[in-house]
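Q:
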């Protein structure tokens with residue numbers, strides 16, 4: 001069945017499978033001490049344009065968020081996030097389970113505002129009782145956000161400057177980073193990301209890999225003995241090659257960016273056909289997640305021929321639904337969808 | 001280079017790669033809600049001979065140990081293990097990081113004795129001060145052990161009976177379970193395992209998969225909301241199919257047992273050639289890990305042509321070294337090794 | 001200097017000191033296994049009118065909140081509280097440090113509404129993705145609240161009924177419980193509290209004790225091995241008698257209620273004199289904490305003769321300030337204050 | 001009934017109660033921001049002879065051990081202790097509950113040996129797999145030990161030098177420190193303790209206080225925002241004066257040392273009378289805990305007239321029992337005991 005349910009419902013990009021098959025019987029050491037991982041690390045560092053970046057590989061987004069946040073915060077610190085941020089809502093309390101509070105500021109279509117973060121920190125230090133409160137120890141943003149929206153370069157610069165002023169790290173959740181970078185509306189490059197934040201990750205799971213996220217500590221600031229922390233959290237793969245080979249492939253011949261671009265192109269096609277049919281949009285998203293308003297009747301009808309996700313109820317008769325494109329979405333898929341809707 | 005370094009230094013069994021390629025573009029829901037995972041679950045349940053077993057998939061051994069132990073213990077309970085047990089020594093304190101003490105009893109070539117466990121629990125309850133101590137809440141054993149040794153059926157029965165008497169669960173770490181079951185010396189079947197313990201796992205990472213462990217809660221005793229606990233621990237794969245497809249393949253046409261058998265046959269070959277050359281053995285292992293005593297000189301010489309692991313120093317001139325066979329070891333590999341040693 | 005800074009800035013009620021002196025050289029077993037603790041337990045149980053209540057003693061409010069919440073929640077559960085709740089803001093992330101998220105609903109002068117709690121839980125279960133979210137596992141309210149306000153009996157009944165419908169416990173933080181029960185506006189008795197919630201505590205620290213909170217599990221529902229959990233959290237006093245003697249005294253001859261009444265009477269006096277002088281009130285509090293609006297100028301002037309707390313800024317020229325009465329406040333204190341303001 | 005059960009079965013030294021009564025109605029700020037706490041801090045710093053020492057007050061030993069250890073270790077580090085150490089056995093897993101493994105070395109009458117610690121650390125770093133293991137991050141010793149024994153100055157110097165060589169802190173649990181310092185066999189002063197370790201505590205609970213331990217970070221090395229960490233752990237007393245007044249009193253006119261000396265003198269009396277009656281000793285203790293071997297018959301007989309603790313079974317007919325003296329034990333108590341045995 002035609003599926004726009006999410007950007008992780010097919011396997012891996014064929015070149016990744018090809019690389020896995022080609023290298024399969026080559027013996028190499030475990031735990032990421034292999035040549036593929038070394039190559040992937042080097043290529044990502046080069047793409048970021050930072051010699052002082054340190055790159056590590058983990059398997060999934062929640063795992064990455066939990067480990068990065070916990071390893072960079074002190075016990076008395078929490079992490080600031082938009083109220084709608086993934087760590088705040090949809091990670092089953094992973095950050096809190098590692099001992100840290102998520103301190104929320106308002107979300108505006110998934111984005112937080114530097115001014116709100118500034119206010120939170122200012123009030124914290126102004127308050128005589130702040131020693132009884134959780135210290136703001138990091139700012140977390142997702143780019144693209146959970147609603148497919150993007151920060152502009154100047155917004156990122158403002159947040160970055162704020163974090164540097166307060167001497168707390170800025171962490172960018174890039175689970176869908178490729179789709180953000182390749183958006184027609186984006187004025188942000190991978191190098192900008194690497195220069196503006198202290199740690200971020202290049203999402204693989206949602207951008208063509210079977211699994212995997214590449215964590216980049218941007219300036220020789222990987223937490224001490226991070227390897228052991230990863231092991232302790234049960235996140236160390238014995239066959240680290242699985243992650244190395246995938247990211248080595250994704251960062252060879254621009255593959256990561258090309259397949260991200262495909263998702264964006266198909267999303268633009270998708271927007272066009274929905275607009276042509278007169279649908280209204282719930283959010284104005286410049287990336288691969290598109291949110292459309294649809295009547296319950298129409299949803300029931302469509303659901304028989306295509307998979308998509310019901311996002312939230314708008315009113316008694318309508319819901320917002322989400323259609324995702326991905327590296328794997330084809331023009332044929334879009335045409336088939338156009339006929340159905 | 002010829003490698004006997006470990007049983008996870010090549011990729012996956014070709015049939016697994018073939019299945020990954022074949023199913024790659026088939027869209028399916030995430031988080032394990034896919035048909036491959038359902039099939040894998042059903043096949044493993046059938047192989048265990050228990051209708052009431054619940055099967056879940058995780059990515060690696062330490063992750064599995066940490067999550068299973070934490071989700072089955074109360075905050076005031078610890079887990080009993082051999083002093084040499086993997087959770088006690090080589091998991092970077094993962095169990096303690098989740099809040100639980102590992103209560104150690106002596107290890108005998110990696111195995112614990114029911115009588116020692118009995119003594120520990122008896123003394124605990126006899127001690128007037130036991131309310132100030134960690135409650136023994138589970139018994140953990142690895143089978144095969146970290147030294148390649150095996151429990152006999154009657155030993156497992158004794159430990160199982162003890163656990164049932166004290167009403168605490170028995171957990172079997174089966175990271176190398178296949179190699180144990182197919183050993184010439186084993187009198188234990190998968191069904192025995194499933195009947196004697198409360199939870200165990202069928203290791204995939206070390207037995208032909210890219211990654212993955214199949215956790216079996218043997219009698220409708222999966223911890224409530226285990227899915228959410230897995231998510232909270234950052235252990236939930238978005239593309240759960242990666243685990244489902246692999247285990248579906250491993251449990252089709254007896255593949256898991258056949259490839260385990262290959263490792264055992266090659267280990268017997270390996271023992272034979274080392275014996276023929278007059279080497280002494282550090283441990284008497286009936287499984288795929290073989291521990292040989294070797295002079296430092298010989299080690300240096302061999303290391304130029306073959307990879308293996310230095311296990312521990314025996315005396316000033318000799319070390320114990322470990323040679324592992326696996327599903328991927330061929331007769332050619334053994335012959336090549338025979339020529340070298 | 002005259003002080004209305006807080007309700008814990010003097011020592012203990014003289015009868016408590018007298019009891020500590022009188023019993024001082026009497027040897028008794030440690031850890032709460034003493035006759036004074038047994039007596040205190042029995043008297044509190046009687047005052048609650050519940051034979052099936054279990055009473056335990058801890059030293060402070062944050063400690064009690066952290067231990068009670070952690071011991072009653074599963075790892076995948078969080079606790080619902082008003083956004084202004086003490087556990088949410090002023091306990092330095094103690095609940096999160098024990099692994100649980102605080103799920104917030106709006107606070108109305110410190111109180112939460114049953115309808116908001118109901119909405120939060122309903123949406124949680126309605127959401128298809130709820131397995132990726134923190135389960136609502138308890139409702140926490142403070143009575144009186146952090147703003148001195150009180151729930152009415154019917155409000156408590158509504159919240160209690162809601163919790164029972166969803167089968168999650170209701171926990172009442174009674175750090176200032178006495179001041180709530182003795183308020184002129186209260187229609188709630190200690191027995192009501194005990195009947196409507198699953199666990200609550202009778203605050204001692206702020207109501208005449210040197211330290212100590214009496215936790216009441218209302219219906220044979222103390223978490224298993226709670227003693228060991230308390231020990232593990234570093235909250236077990238070797239000289240448990242210190243808590244036992246204090247609560248034995250407080251619950252002898254109605255002392256707890258009498259001294260609470262004194263605080264309320266003095267608070268009414270205080271309200272009267274502030275009203276007479278034309279001050280406006282920031283909150284309408286029926287208990288011992290009074291919030292008054294004062295100009296910065298006046299604050300500076302008053303601060304030279306009397307201690308009070310600046311609560312929050314109202315506008316450029318005015319702040320809300322807090323004046324607390326307590327068991328120890330005398331009519332003379334009020335008269336002295338009347339002259340100053 | 002005559003009691004030698006433990007050193008915390010009476011209340012507080014009369015001078016402490018007198019101070020509590022005298023200062024009772026004096027209002028002062030909470031959370032340790034009071035003049036008594038400031039005085040206590042200054043007096044202890046002076047007694048230690050270190051201007052750069054930072055002194056904090058907590059309520060009990062397990063609480064102190066848990067918080068000090070957790071606040072000084074990184075997440076990947078554990079604490080080295082004797083297998084019989086209090087944190088290893090009798091604190092209900094408090095250290096593990098905060099996420100850290102207790103790494104044990106053999107105990108010799110409660111003491112650890114520098115050479116064993118050196119071996120553990122050396123092997124750790126020699127082992128190629130140490131990144132998969134818990135890093136040794138601190139050494140914990142108790143002085144006196146759980147068996148009443150003492151380290152000599154040269155033993156402490158050796159352990160201290162070892163810790164400094166490996167750059168890990170040395171932590172001394174001084175729950176009974178006074179009894180150690182005043183022992184006839186001690187060649188260690190409070191200044192020695194302060195100079196040789198990085199953090200230690202002066203036990204109050206077992207040496208005349210109602211509760212309380214004074215933690216000394218010896219060289220400007222208190223963990224950042226330790227106040228907030230204490231709050232987060234539920235260990236911050238609102239009426240911090242309770243601890244301040246007690247330690248202010250204990251460190252006025254040498255009281256702490258005098259009352260410790262009394263316990264030692266009475267322990268010597270006790271040893272003498274047991275020796276005269278022909279009893280054998282289980283341990284040779286130079287402090288206030290005395291371990292005597294006694295037949296079951298004798299134990300049953302004595303238990304009717306005096307309280308003491310059964311420590312452990314020696315053989316079928318005999319146990320080791322513990323008799324404790326304290327600051328409160330009188331010559332009359334000893335004489336009464338002499339008549340009974």
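Protein chains in written order, with my numbering: chain A, 1 to 341; chain B, 1 to 341; chain C, 1 to 341; chain D, 1 to 341.
Don't be surprised by glycine CBs; every beta carbon is placed ideally from N, CA and C.
Predicted model only: the values in this text are computed from it and were never measured.
Excluding the 5 residues preceding and the 5 following residue 393 of chain B in the sequence, name in chain order all residues of the same chain whose CB lies nearer than 6 angstroms to its CB.
A: Residue 393 of chain B lies beyond the residue range present for chain B, which begins at 1 and ends at 341; the question has no answer from this structure.
Q: Would residue 314 of chain C and residue 293 of chain C be called neighbours here (beta carbons separated by less than 8 angstroms)?
A: Yes, the Cβ-Cβ distance between residue 314 of chain C and residue 293 of chain C is below 8 angstroms.
Q: Residue range of the alpha helix (DSSP H) that residue 57 of chain A falls in?
A: No alpha helix (DSSP H) contains residue 57 of chain A, which is instead part of the beta strand (DSSP E) from 54-58.
Q: Given that a residue counts as buried once 16 or more other Cβ atoms are within 10 Å of its Cβ, and exposed if not, what is residue 340 of chain A?
A: The residue in question, residue 340 of chain A, is exposed, as its Cβ has fewer than 16 Cβ neighbours within 10 Å.
Q: Using C-beta distances below 7 angstroms, list every residue in its chain close to residue 54 of chain A, excluding the 5 sequence neighbours before and after it, in chain order.
A: Only 217, 220 and 222 meet the Cβ criterion.
Q: Using Cβ-Cβ distances below 8 angstroms, what residues of the region 18-29 of chain B are close to chain A?
A: Residues 20, 21, 23, 24, 25, 26, 27, 28 and 29.
Q: Residue 220 of chain A versus chain D: which residues are under 7 angstroms apart at the beta carbon?
A: None at all; the shortest Cβ gap to chain D is about 18 angstroms.
Q: What residues of chain D sit near residue 63 of chain A, judged by a beta carbon separation below 7 angstroms?
A: The contacting residues do not exist; residue 63 of chain A stays about 15 angstroms from chain D at best.
Q: What residues of chain A sit near residue 81 of chain C, judged by a beta carbon separation below 8 angstroms?
A: Here the premise fails: no neighbours, minimum Cβ distance about 13 angstroms.
Q: If you measure beta-carbon to beta-carbon, which residues of the region 283-294 of chain C are closer than 7 angstroms to chain D?
A: Within the region 283-294 of chain C, no residue qualifies.
Q: Are the beta-carbon atoms belonging to residue 139 of chain D and residue 168 of chain D less than 8 angstroms from one another?
A: In this structure, residue 168 of chain D lies closer than 8 angstroms to residue 139 of chain D by Cβ.
Q: Would DSSP call residue 272 of chain D helix, strand or coil?
A: Three-state result, residue 272 of chain D: helix.
Q: Could you please give the first and the last residue of the uninterrupted beta strand (DSSP E) stretch that includes residue 319 of chain D?
A: Looking at the DSSP string, the run of the beta strand (DSSP E) that includes residue 319 of chain D is 318-324.
Q: Would residue 4 of chain B and residue 307 of chain B qualify as a contact pair, given that the criterion is a beta-carbon distance under 8 angstroms?
A: Yes, Cβ-Cβ distance for residue 4 of chain B and residue 307 of chain B is below 8 angstroms.
Q: Give the interface partners of residue 66 of chain D over in chain C, defined as CB-CB distance under 7 angstroms, in chain order.
A: Correct list: 234.
Q: Should residue 146 of chain D go down as buried or exposed, given a rule of 16 or more other Cβ atoms within 10 Å for buried?
A: Answer is buried; the Cβ neighbour count reaches 16.
Q: Sorted by chain position, which residues of the same chain lie with C-beta nearer than 7 angstroms to residue 157 of chain B's C-beta, five sequence neighbours on each side aside?
A: The answer, listed in chain order, is 196.
Q: Pop quiz: residue 287 of chain B and residue 259 of chain B are said to be a contact at Cβ under 8 angstroms. What is the actual Cβ separation, rounded to whole angstroms?
A: Not quite, the Cβ-Cβ distance comes to about 14 angstroms (not below 8 angstroms), so this is no contact.
Q: Would you say residue 239 of chain B lies against chain D (beta-carbon separation less than 8 angstroms)?
A: So no, residue 239 of chain B is outside the interface.
Q: In terms of alpha-carbon separation, which member of C:149, C:204 and C:326 lies closest to residue 62 of chain C?
A: That would be C:204, whose Cα lies nearest to the Cα of residue 62 of chain C.
Q: Using beta-carbon positions only, say whether residue 323 of chain C and residue 255 of chain C come within less than 8 angstroms of one another.
A: Cβ atoms of residue 323 of chain C and residue 255 of chain C: not closer than 8 angstroms.
Q: Check the Cβ of residue 76 of chain B against every Cβ in chain D and list those closer than 8 angstroms, keeping chain order.
A: Those within 8 angstroms of residue 76 of chain B in chain D are 92 and 93.
Q: With H, G and I counted as helix, E and B as strand and the rest as coil, what does DSSP make of residue 164 of chain A?
A: Helix at residue 164 of chain A.
Q: So which residues of chain A does residue 217 of chain D contact, with C-beta pairs closer than 8 angstroms?
A: Under the 8 angstroms cutoff, chain A gives no residues; its nearest Cβ is about 16 angstroms from residue 217 of chain D.
Q: Give the range of the alpha helix (DSSP H) segment to which residue 45 of chain A is assigned.
A: Start and end: 35-48.
Q: If you measure beta-carbon to beta-carbon, which residues of the region 136-170 of chain A are closer than 8 angstroms to chain D?
A: Cβ contacts with chain D: none found.
Q: Residues of the region 197-211 of chain A in Cβ contact with chain B at a cutoff of 8 angstroms, in chain order, please.
A: From the region 197-211 of chain A, only 205, 206, 210 and 211 have a Cβ closer than 8 angstroms to chain B.
Q: Can you check which of these residues, D:321, D:121 and D:250, is closest to residue 40 of chain D by C-alpha distance?
A: Ranking the options by Cα distance to residue 40 of chain D, first place goes to D:250.
Q: Quick check: what's the CA-CA separation for residue 275 of chain A versus residue 2 of chain A?
A: Each residue's alpha carbon lies about 20 angstroms from the other.
Q: Taking only three categories from DSSP, how would you classify residue 287 of chain C?
A: It is coil, neither helix nor strand.
Q: Along the chain, where does the beta strand (DSSP E) containing residue 142 of chain A start, and where does it finish?
A: Taken as a continuous stretch (DSSP letters only), the beta strand (DSSP E) holding residue 142 of chain A covers 135-142.
Q: Give a yes or no on whether the minimum CB-CB distance between residue 11 of chain D and chain C is below 8 angstroms.
A: Yes, contact with chain C.
Q: Identify every residue that forms a DSSP beta bridge with residue 111 of chain B.
A: In the DSSP output, where bridge partners are listed per residue, residue 111 of chain B has B:108.
Q: For residue 89 of chain C, go through chain A and note every residue whose CB falls closer than 8 angstroms to its CB, in chain order.
A: Chain A residues near residue 89 of chain C: 133.
Q: Where does residue 185 of chain C sit, in a helix, a strand or coil, going by DSSP?
A: Of the three classes helix, strand and coil, the one that applies to residue 185 of chain C here is coil, per DSSP.
Q: Counting only beta-carbon separations shorter than 8 angstroms, does residue 317 of chain D have a partner in chain C?
A: It does not; no Cβ of chain C falls within 8 angstroms.
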